[in-house]
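Count along the sequence shown starting at 1, add 1, and that's the number in our numbering. Below: one structure, written as structure tokens.
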Amino acid sequence: MKKELIDYLQSNHKEIHSDWLNKLQVTGDTKLHEIISDNDFFLMGQEFTNLLLGDSPSAERYVNLPVFIEKAVSYNWPLSFLVRGIQVLEQVILDHLKIKAPGTEDVYKQVEVLNEWLHPLCQRIVEVYSDTWERTFSLQKIALQELSAPLIPVFDGITIMPLVGTIDTQRAKQIMENLLHGVVKHRSVVVLIDITGVPVVDTMVAHHIIQAVQAVRLVGAKSMIVGIRPEIAQTIVNLGIKLDQIETKNTLKKGMEKALEYTNRKLVGIGE
């Protein structure tokens, strides 16, 4: 950017920032303002304009950009809003320049300088935002996969896998992996697969659960399916799904009592 324009932007930084925020609040997405507090909006806006209008050279701005974008992603700022922010900033700067330099030729020169500065920066923001979002999404996906099929040890030799939500092919694979790994890791004797939180058990879901039970048996542990509600039992019967070779209980409590029996233990009250 030409030195003259840099000096002008820096000397009028506060005024440009104020006008930029006001214009964004007037023309921005109302839903976005509902999820972002006024204080966060002001602070993030100030950081954004400092990044764009600061006295650091262009290369240094690009170095600092990922830090700001990562914060913007964590605040759930959409990419469209950041791009809109640059467009509004460009318009605000032009409005200021028109007042400062009414001559048409001079304004055209400044517009050309602005385009050379802001358009590559906008492209860079899109690239960094996309990379940051993909990385964040991947980490969240891994975390959700780990939480979607946890194997929880409750007593020596007894573990529970509580399942909640729908079970698709990808999740069934995760359930199988976690089961086999957890059974060996915790030296499980009995595994309770709790389907209380599974809303629908169709042929595919039942097939995946049966496969999991058979896999657990192959590594030397016994398994039970617990949490079979009456409506689920009726669905299983209507679909003709055979669970004859698999032990089932309608509640986790009954399953736990049976698991303790298999491990030669039982629950007793204090004083008994």
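Backbone N, C-alpha and C fix where the C-beta goes; we use that ideal spot for every residue, glycine too. As the structure is a computational prediction, the values presented were derived from the model and not from experiment.
* Asked: Can you check whether the CB of residue 10 is closer than 8 Å to the CB of residue 43?
  -> Cβ atoms of residue 43 and residue 10: not closer than 8 Å.
* With a 10 Å radius around its C-beta and 16 neighbouring C-beta atoms as the bar for buried, classify residue 94 as buried or exposed. => Result: buried.
* In the DSSP assignment, what are the bridge partners of residue 195? -> Within the DSSP secondary-structure output, residue 195 pairs in a beta bridge with 163, 227.
* Residue(s) in a DSSP beta bridge with residue 250 -> Its beta-bridge partners are 227.
* the region 118–128 / the region 158–177 touching (three or more Cβ pairs under 8 Å) -> The region 118–128 vs the region 158–177: no contact.
* Take the Cβ of residue 205 as the centre, count every other Cβ of all protein chains shown within 10 Å, and call the residue buried at 16 or more, exposed below. => Here residue 205 is exposed, its C-beta having fewer than 16 other C-beta atoms within 10 Å.
* **Segment limits, beta strand (DSSP E) that includes residue 153** => Where residue 153 is concerned, the enclosing beta strand (DSSP E) starts and stops at 153–156.
* Where the alpha helix (DSSP H) containing residue 1 begins and where it ends -> Look at the range of the chain in this structure, 2 to 273, and you will see that residue 1 is not part of it.
* Output yes or no for whether 8 Å exceeds the beta carbon distance between residue 292 and residue 224. => Nothing can be reported for residue 292, as the shown portion of the chain is limited to 2 through 273.
* To do: Would you mind working out which of 233, 180, 19 sits nearest residue 212, comparing C-alpha positions?
  => Taking residue 212 as reference, the option from 233, 180, 19 with the minimal CA-CA separation is 180.
* Inter-stretch contact at 8 Å, needing at least 3 Cβ pairs: the region 128–143 / the region 215–229 -> No, they do not touch.
* What first and last residue would you give for the alpha helix (DSSP H) that runs through residue 240? -> Neither: residue 240 is in no alpha helix (DSSP H) and is coded neither H nor E.
* Can you tell me the Cα-Cα spacing of residue 150 and residue 237, whole angstroms? -> Just so you know, the alpha carbons of residue 150 and residue 237 end up roughly 22 Å apart.
* Nearest-angstrom Cα separation, counted from residue 71 out to residue 85 -> Each residue's CA atom was taken as its position, placing residue 85 and residue 71 some 18 Å apart.
* Own chain residues within Cβ distance below 7 Å of residue 58, not counting five before or after -> Low per-residue confidence applies at residue 58: pLDDT is 49, beneath 50, and the placement is therefore not dependable, though the value from the model is reported in the following sentence. Cβ neighbours of residue 58 beyond the five flanking positions: none.
* Asked: Helix, strand or coil: which one does DSSP assign to residue 78?
  -> Coil.
* Rounded C-alpha distance that separates residue 255 from residue 74 -> Residue 255 and residue 74: Cα-Cα distance of roughly 46 Å.
* Local Cβ density within 10 Å of residue 250, reported as buried at 16 or more and exposed below that -> By the neighbour-count rule (16 or more Cβ atoms within 10 Å), residue 250 is buried.
* Asked: Excluding five sequence neighbours on each side, which residues of the same chain lie with their C-beta closer than 6 Å to the C-beta of residue 261?
  -> Within the same chain, residue 261 has close Cβ partners 267.
* Which word fits residue 271, buried or exposed, when buried means at least 16 other C-beta atoms lie within 10 angstroms of its C-beta? -> The C-beta of residue 271 has fewer than 16 other C-beta atoms within 10 Å across all chains shown, which makes the residue exposed.
* So, helix, strand or coil for residue 73, using DSSP? -> Residue state, collapsed to three classes: helix.
* **Given residue 97 as reference, the closest of 246, 52, 16, 24 once Cα atoms are compared** => Of 246, 52, 16, 24, the residue nearest in Cα terms is 16.
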